[in-house]
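Participant: In the working numbering, the protein residues as written are 54 to 219.
From the three backbone atoms N, C-alpha and C, an ideal C-beta is built for every residue, glycine too.
I am attaching a structure below and will ask some questions about it afterwards.
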């Protein structure tokens with residue numbers, strides 16, 4: 054596997070298959086927080102962290118636990134629990150270190166839990182069969198890089214639209 058696979062995954066997820074513009078995932082926080090550039094950047098960073106870590110946790114969970122035990126049907130519930138836990142960590146961190154950002158994000162910060170873009174990327178990483186294409190180990194890195202690219206695309210669109218609206 055070469056670096057071109059990783060660069061292709063990032064740019065494909067960021068620009069070609071943008072979660073907001075192409076798939077209309079994550080529209081609620083996008084519309085709610087894109088009024089101010091500062092809030093949009095804060096939300097973008099929070100979504101980036103949650104999306105990348107969720108991909109890094111859900112991918113091995115699926116291939117090392119759910120699939121071997123043949124309990125793939127609990128995938129959605131397990132993924133949502135992981136995403137909710139990560140969002141709580143992010144919320145506590147932001148509340149402790151940046152009260153201003155915490156107040157500007159308001160209700161949209163806990164709504165990252167229900168942000169379908171994060172769940173959509175976690176599920177896409179499984180359905181795109183990176184494990185079969187590259188092997189479970191290298192497929193993990195492609196899944197995480199894809200999540201990072203999708204998060205960058207989300208942030209790019211949030212920042213662009215908040216700049217226009219401001």
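Quick check on residue 71: buried or exposed, where buried means 16 or more other Cβ atoms within 10 Å of its Cβ?
Facilitator: It counts as buried.
Participant: Identify whether residue 71 lies in helix, strand or coil by the three-state DSSP scheme.
Facilitator: coil
Participant: Let me know the secondary structure DSSP gives residue 185 once reduced to three states.
Facilitator: helix
Participant: Considering only residues of the same chain and omitting the five flanking positions on each side of residue 175, which have a CB-CB separation below 7 Å?
Facilitator: 107, 108, 111 and 132
Participant: Provide the residue span of the alpha helix (DSSP H) that contains residue 80, from first to last.
Facilitator: 80 to 86
Participant: My guess is that residue 189 and residue 62 are in contact by the Cβ rule of under 8 Å, so how many angstroms apart are they, rounded?
Facilitator: Wrong, their Cβ atoms sit about 16 Å apart, outside the cutoff.
Participant: For my contact list, residue 103 and residue 136 are in at a C-beta cut-off of 8 Å; report their separation, rounded to the angstrom.
Facilitator: 7 Å
Participant: Where does residue 151 sit, in a helix, a strand or coil, going by DSSP?
Facilitator: Coil at residue 151, not helix or strand.
Participant: Residue 98 to residue 185, Cα distance in whole Å?
Facilitator: So the alpha carbons of these two residues sit roughly 31 Å apart.
Participant: Going along the chain, which residues of its own chain have a beta-carbon closer than 7 Å to the beta-carbon of residue 140, five neighbours each way excluded?
Facilitator: 103, 163, 165 and 166
Participant: Helix or strand or just coil, what does DSSP make of residue 120?
Facilitator: Here residue 120 carries a coil assignment [DSSP, helix/strand/coil].
Participant: Residue 121 to residue 115, Cα distance in whole Å?
Facilitator: 9 Å
Participant: Looking at residue 105: is its Cβ nearer than 8 Å to the Cβ of residue 195?
Facilitator: No, the pair does not count as a contact, with Cβ atoms beyond the cut-off.
Participant: Which residues in the same chain have their Cβ closer than 7 Å to the Cβ of residue 79, if we skip the five residues on either side of it in sequence?
Facilitator: 72, 73, 168, 169, 170 and 207
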